[in-house]
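My numbering numbers the first residue of the sequence shown as 11 and each following residue consecutively. We treat Cβ as the ideally placed atom computed from N, Cα and C, and that holds for glycine. Just so it is clear, the structure is predicted and the values come from calculations on it, not from any experiment. Okay, so here's the structure we're looking at.
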Amino acid sequence: MSVPLSHAAESSGFEPEELGLCPVRWRRVCQYAERLCDEGVLPAVSLQFQREGRTTRVESFGTQRLGNSVPVDDQTLFLIASLTKPIIAMAMLLLVERGQIALNQRVIEFLPMFRDAAKRSMTIRHLLSHTSGLPDMLPNNHELRKLKSPLSAFVEGTAKVALVYPVGRGTQYQSMGYALLGPIIEAATGVPYQQFIKQELFEPLGMTRSWLGLPESMRGEENIAEVRVPDEQDGGVDWNWNSTYWRELGAPWGGMLSTAADLSRFCAAMTGAGSAEKRSLTADNRSRTDSDSISSNDHSAPHPLPLSPEYRGEGSLKTVFARSPLLSEASIEEATTNRLEDFQGINEIDRRTRAWGLGWRMNWKDHRSSLCELLPATICGHWGATGTLFWIDRQRQTSLVLLSTQPTGEGVSPLSMLSNMAAAAIV
Numbered sequence: 011m012s013v014p015l016s017h018a019a020e021s022s023g024f025e026p027e028e029l030g031l032c033p034v035r036w037r038r039v040c041q042y043a044e045r046l047c048d049e050g051v052l053p054a055v056s057l058q059f060q061r062e063g064r065t066t067r068v069e070s071f072g073t074q075r076l077g078n079s080v081p082v083d084d085q086t087l088f089l090i091a092s093l094t095k096p097i098i099a100m101a102m103l104l105l106v107e108r109g110q111i112a113l114n115q116r117v118i119e120f121l122p123m124f125r126d127a128a129k130r131s132m133t134i135r136h137l138l139s140h141t142s143g144l145p146d147m148l149p150n151n152h153e154l155r156k157l158k159s160p161l162s163a164f165v166e167g168t169a170k171v172a173l174v175y176p177v178g179r180g181t182q183y184q185s186m187g188y189a190l191l192g193p194i195i196e197a198a199t200g201v202p203y204q205q206f207i208k209q210e211l212f213e214p215l216g217m218t219r220s221w222l223g224l225p226e227s228m229r230g231e232e233n234i235a236e237v238r239v240p241d242e243q244d245g246g247v248d249w250n251w252n253s254t255y256w257r258e259l260g261a262p263w264g265g266m267l268s269t270a271a272d273l274s275r276f277c278a279a280m281t282g283a284g285s286a287e288k289r290s291l292t293a294d295n296r297s298r299t300d301s302d303s304i305s306s307n308d309h310s311a312p313h314p315l316p317l318s319p320e321y322r323g324e325g326s327l328k329t330v331f332a333r334s335p336l337l338s339e340a341s342i343e344e345a346t347t348n349r350l351e352d353f354q355g356i357n358e359i360d361r362r363t364r365a366w367g368l369g370w371r372m373n374w375k376d377h378r379s380s381l382c383e384l385l386p387a388t389i390c391g392h393w394g395a396t397g398t399l400f401w402i403d404r405q406r407q408t409s410l411v412l413l414s415t416q417p418t419g420e421g422v423s424p425l426s427m428l429s430n431m432a433a434a435a436i437v
């Protein structure tokens, strides 16, 4: 069952043509998403397009639970899996900007357990760019989850596990490298990493429906989309993706819950849409906030300006961004461009066709999980194993968020089709 198209999105948003989208082609995107839910290909999907800080309304189809009739809406939380990685990566860049860490600092300076000879040269840059040599998952990953192990158990296991290749001499996707970022944030700041990300990323951007680990107070939350778990998680109701354990763990490599609208806010900040020169006005042309009187050349404040209610997306307002950019252009450029070029030991094929930024994956054009087959290799984004995808095109200041509850498989995901269709709608 899906929500009828005319009632699919309760959130306010700009019309497609106001954002430079062909309305006929954009409606085709929404109709295809609805059909995927009607046919049971996707249990649920939520999507939003953003351009220069302005967004379409959130389009949502399908149901909160597998087999029930309660529809998802623009407030429904999705487990976004590895879309978490670019977000925690940008938290690390915030610390770099503030002089609390350096990209080339060694992991051992924060986590002394990484003292063995093979890992001593491992840096934060290696973790962020998937060049550390660490594995994606630990050999006893399922056992740790079945025991409802804390994050510290995954970190300790990562300190002991053998490297897949020498540090900096190759590239391979490594979720366990990202497992270390949480405790590194805590070591650098003295603040729990979930709290740091909430205060320094979510709150400044007005991401009021985002959590890296749900608090216990939300155990009664009903508006969470249930993931259709893969076979290897079947029967694991107390530890799988839908379990209270996993939702509350806050795994730095893939434990975040969020909405399409919140992720659009984050993506727009990464495209530069939060800057004073390019900030969009509210739909009803409300007056500027007091913070707008600050000169656009004043970059002295170490933290982004707080959002006023105008820019929190409350009520019928359509803009979401503060006057001040969250991160500097230098940091965003560093994170969203090919960082494999920084390492001498990466083979040329991987350097060109399997490029990583810092937390962000570049658009691998020949891969079945290309971010978008119709957009250039320079766009960046990420996939999530629970069936999620977002990308940003910094040149056009656009982004697309696609959240579903159908895990990615061996073939081309329906989200790839939706991504291509959305790109084709851009005028």
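Residue i, buried or exposed, once every other Cβ within 10 Å from all chains shown has been counted against 16
i	result
K170	exposed
T269	buried
V437	exposed
Q74	buried
D272	buried
N252	buried
R229	exposed
Q209	exposed
P145	buried
S70	buried
S379	exposed
S79	exposed
G167	buried
T2	Only positions 11 to 437 of the chain appear in the structure, and residue 2 is not among them; the question remains open.
P424	buried
H140	buried
E44	buried
V174	exposed
T281	buried
A345	buried
S227	exposed
Where residue i sits in the DSSP three-state scheme
i	result
E62	coil
V177	coil
W256	helix
A54	strand
R275	helix
P149	coil
S409	strand
F212	helix
E69	strand
P26	helix
P81	strand
D294	With a pLDDT of only 39 at D294, under the threshold of 50, the placement of this residue in the model should not be trusted, and no figure is reported.
M228	helix
S305	Caution is warranted here: a pLDDT of 34 is assigned to S305, below 50, making its placement in the model unreliable, and no coordinate value can be reported.
G187	helix
R75	coil
L87	strand
T299	Here T299 scores only 36 on pLDDT, less than 50, and its place in the model should not be relied on; the value that follows carries that caveat. Coil at T299, not helix or strand.
I111	coil
R116	strand
G419	coil
R371	strand
L154	helix
First and last residue of the uninterrupted alpha helix (DSSP H) at residue i
i	result
I134	134–138
V106	94–107
G282	That residue, G282, is in no alpha helix (DSSP H); it is neither H nor E in DSSP.
F353	From DSSP, F353 is part of no alpha helix (DSSP H); its letter is neither H nor E.
C8	Because the chain in this structure spans residues 11 to 437, residue 8 falls outside the shown range and cannot be described.
I195	191–199
F206	203–207
L428	424–435
I359	358–363
Bounding residues of the beta strand (DSSP E) (the contiguous stretch that carries residue i)
i	result
M266	266–268
T168	First-last for T168: 161–170, but that is the alpha helix (DSSP H), not the beta strand (DSSP E).
E343	Taken as a continuous stretch (DSSP letters only), E343 belongs to no beta strand (DSSP E), being part of the alpha helix (DSSP H) at 339–345.
I402	398–403
C390	390–394
heavy atom of the ligand SAM below 7 Å from residue i C-beta
i	result
E344	Ligands in the displayed structure: none, and consequently the ligand SAM is not present.
CB-CB length for residue i against residue j, believed under 8 Å
i	j	result
L57	G369	Rounded, the Cβ-Cβ distance is 22 Å, inconsistent with contact.
L89	A435	So it is not a contact: roughly 27 Å between Cβ atoms.
A235	L87	7 Å
Test: residue i CB closer than 8 Å to a CB of chain B
i	result
E258	Although the question refers to chain B, the structure presented lacks it and comprises just one protein chain.
Notebook entry, point to check: Are at least three pairs of beta-carbons, each pair with one atom in the region 90–98 and one in the region 382–402, less than 8 Å apart?
Noted result: The answer is yes - the region 382–402 touches the region 90–98, with three or more Cβ pairs under 8 Å.
Notebook entry, point to check: Would you call the region 201–214 and the region 167–187 in contact, with 3 or more CB pairs under 8 Å?
Noted result: Not touching, per the Cβ criterion.
Next item on the list: Pair every Cβ in the region 376–388 with every Cβ in the region 350–358, then say whether three or more of these pairs are closer than 8 Å.
Entry: No: fewer than three Cβ pairs fall under 8 Å.
Margin query: Within 8 Å, do at least three Cβ pairs link the region 102–122 to the region 258–265?
Written below: Output reads no: the region 102–122 does not touch the region 258–265.
Notebook entry, point to check: Given 8 Å as the limit, is there contact between the region 228–246 and the region 186–201, that is, 3 or more CB pairs closer than that?
Noted result: Counting Cβ pairs under 8 Å, fewer than three are found: no touch.
Margin query: Check whether the region 48–63 and the region 396–412 are in contact - that is, three or more C-beta pairs closer than 8 Å.
Written below: At 8 Å Cβ cutoff, the stretches touch.
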